[in-house]
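The block underneath contains the structure these notes are about, expressed in structure tokens.
Residue numbers (the numbering used here): 12 to 522.
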């Protein structure tokens, strides 16, 4: 028999709201009440296990108001409500339950309903906030010191999953280590996937996310590929939004700075066998970051790697899983020895010197000038080998909207790139990703140390970056402005992210 003590009181001011703590086993949840109605949120373990017979069914109890007989059974468990006059003489009410109970003992009218047990999905309505008692000082917005992924906010979000029970209450907890079994599958078989997204604060003080629906869609696809349980993408996004709003003071209010968001799914199932997880966890951490390049767009060189393979047909190159990144560390170190910042992977598919893949953690683009002086922007297609990048999709859509460049998603061979480089018909090469956004590339270093070099028009790029905020969409139709695709794309995306330009891609939080 487990005893749950529910403390309650009546709001004295119409329309006012309050949050009251409810303690059970040293764990805190919150009771939200509004006006003269009382809503009681029980700890999920009470809702999920109260009356569970152990035979795949659950006793659901619908508690009625004695005066109005208004049912308030919740979607996945038990909630109670009552008018103030009905409970005015009560200051505390105890609910006794056990795993085999036939109902909840309550003074009033109760109706027991036996229903098939359906594992619960994520519900943002059941989000629980346990605020940290210790808040860290915010780092200074110094681009030379605020390094990527080095600082973390005060809170994190966690949601646990168990086979047969489904997803637990989402919880926002103080940031800290996660207890994990040494035999958890994530530690042995790399059973994890993740996402990367950012929150931006504009001059109007509002916080925005950039195309977060695409991140949730990709995270769900990655999780499915690894055999993780399904989840409500919109509900998870709502939980992430709530976490960002809790940490709203951590969102930098300076252009170029942002709050990096890293949701991750791991298998916590303590089992050394290879198989689908029976326990899992979603957690999300936040990290304030500065501009990737504090002094503007800084071109880099890539090492052309035709030996190592980042992804291959039939593999998981299109999923954002840790197993796609750890094996790239050694090639990255070898590239650094040649003075290169990243690796351009070329997959040997037996044709034309191999197929261009990705560059480290970036999608890659090539801007060609054709024989008839027309322009074509080319990036490898989403054929299962390439990660469907959010910035990649953004670049494709924006470049098509510019109207003077042909945009192609097609197989791009190394021989084509090498020949175009020797002929001087490659105008720009750049990578894209959430961290760097747009990364110009000025050199491709081959195994024999010969190099295909490109020039980068810094003045043209600076022209676009220095344009007034919000003016990126007003490019001169007569072509009088200097041409630099990297610069124009960067300015356009920044204007959307910080709210300088109106776009459906920009999602304002709290509205």
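For every residue, glycine included, the Cβ atom is placed at its ideal position computed from N, Cα and C.
(request) Could you check how far apart the C-beta atoms of residue 344 and residue 452 are, in whole angstroms? I think they sit under 8 Å. (result) Contact flag wrong, Cβ pair sits at about 19 Å.
(message) With a threshold of 6 Å on Cβ separation, who are the neighbours of residue 438 within its own chain once the five nearest residues in sequence on each side are excluded?
(response) If we look at residue 438 and ignore the five residues flanking it on each side, its Cβ neighbours are 378 and 380.
(request) Using the Cα positions of residue 58 and residue 243, report the straight-line distance between them to the nearest angstrom. (result) Low confidence applies to residue 58: its pLDDT is 38, below 50, so where it sits in the model is not reliable enough to give any reading.
(request) Determine the DSSP secondary structure at residue 521, reduced to helix, strand or coil. (result) DSSP, read as helix, strand or coil, puts residue 521 in coil.
(message) If you measure between the beta carbons of residue 168 and residue 294, is that distance less than 8 Å?
(response) With a cutoff of 8 Å on beta-carbon distance, residue 168 and residue 294 are scored as near each other.
(request) In the DSSP assignment, find the beta strand (DSSP E) that holds residue 316 and state where it starts and stops. (result) Counting along the chain, the beta strand (DSSP E) containing residue 316 begins and ends at 311-316.
(message) Tell me the DSSP secondary structure of residue 258 in three-state form.
(response) Coil, per DSSP.
(request) Throw me the rounded Cβ distance for the residue 279 and residue 290 pair, which I believe falls under 8 Å. (result) The Cβ separation is near 5 Å, so the contact holds.
(message) Do residue 444 and residue 395 count as a contact pair if the criterion is CB distance below 8 Å?
(response) Not closer than 8 Å, so no.
(message) the ligand SAM and residue 186: does the residue's C-beta get closer than 7 Å to at least one heavy atom of that ligand?
(response) This structure does not include the ligand SAM; it has no bound ligands of any sort.
(request) Give a yes or no on whether the C-beta atoms belonging to residue 422 and residue 357 are separated by under 8 Å. (result) No.
(message) Measuring alpha carbon to alpha carbon, tell me which residue in 253, 480, 136 and 271 is nearest residue 513.
(response) For residue 513, the closest of 253, 480, 136 and 271 by C-alpha to C-alpha distance is 480.
(message) Whole angstroms are fine: how far does the CA of residue 478 sit from the CA of residue 506?
(response) Going from the Cα of residue 506 to the Cα of residue 478 covers about 10 Å.
(message) Using the Cβ count rule (16 or more neighbours within 10 Å means buried), how would you classify residue 385?
(response) A residue is called buried once 16 or more other Cβ atoms fall within 10 Å of its Cβ, and residue 385, having fewer, is exposed.
(request) Would you mind working out which of 207, 217 and 206 sits nearest residue 518, comparing C-alpha positions? (result) Nearest Cα to residue 518 within the set 207, 217 and 206: 217.
(request) Assign residue 170 to buried or exposed, taking buried as 16 or more other Cβ atoms, counted over all protein chains shown, within 10 Å of its Cβ. (result) That one is buried.
(message) Measuring straight from C-alpha to C-alpha, what distance separates residue 322 and residue 179?
(response) Between residue 322 and residue 179, the C-alpha separation is close to 34 Å.
(request) Using DSSP bridges, identify the partner residues of residue 221. (result) Within the DSSP bridge table, the entry for residue 221 names 517 as partners.
(message) Can you look up residue 403 in the DSSP assignment and give me helix, strand or coil?
(response) DSSP, reduced to helix, strand and coil, places residue 403 within a helical segment of the structure shown.
(request) Go ahead and pull the three-state DSSP assignment for residue 171. (result) The three-state reading of DSSP puts residue 171 in strand, counting E and B together.
(request) Would you decide whether residue 166 is buried or exposed? Buried here means 16 or more other CB atoms lie within 10 Å of its CB. (result) Buried, because 16 or more other Cβ atoms sit within 10 Å of the Cβ of residue 166.
(message) Pop quiz: residue 417 and residue 369 are said to be a contact at Cβ under 8 Å. What is the actual Cβ separation, rounded to whole angstroms?
(response) About 22 Å separates the two Cβ atoms, so there is no contact after all.
(request) Look up residue 143 in the DSSP assignment and say whether it is helix, strand or coil. (result) Residue state, collapsed to three classes: coil.
(message) Measuring only the C-alpha atoms, how far is residue 44 from residue 140?
(response) Because the pLDDT at residue 44 is just 32, under 50, the model does not fix this residue reliably, and the value given afterwards should be weighed accordingly. In a straight line, the C-alpha of residue 44 is about 15 Å away from that of residue 140.
(request) Using beta-carbon positions only, say whether residue 255 and residue 270 come within less than 8 Å of one another. (result) Yes, the pair counts as a contact, with Cβ atoms nearer than the cut-off.
(request) Can you give me the Cβ contacts of residue 240 inside the same chain, cut-off strictly under 6 Å, excluding the 5 residues immediately before and after it? (result) Sequence-distant Cβ neighbours of residue 240 in its own chain, meaning closer than 6 Å and more than five residues away, are 172.
(message) So if DSSP puts residue 253 in a beta bridge, which residue, or which two residues, is it bridged to?
(response) Beta-bridge pairing links residue 253 to no other residue.
(request) Tell me whether the beta-carbon of residue 424 lies closer than 8 Å to the beta-carbon of residue 364. (result) Cβ distance < 8 Å, so residue 424 and residue 364 count as in contact.
(request) Give the straight-line distance between the Cα atoms of residue 159 and residue 353, rounded to the nearest whole angstrom. (result) One C-alpha to the other measures close to 17 Å.
(message) Based on DSSP bridge pairs, tell me the residues matched to residue 508.
(response) Residue 508 is not bridged to any residue.
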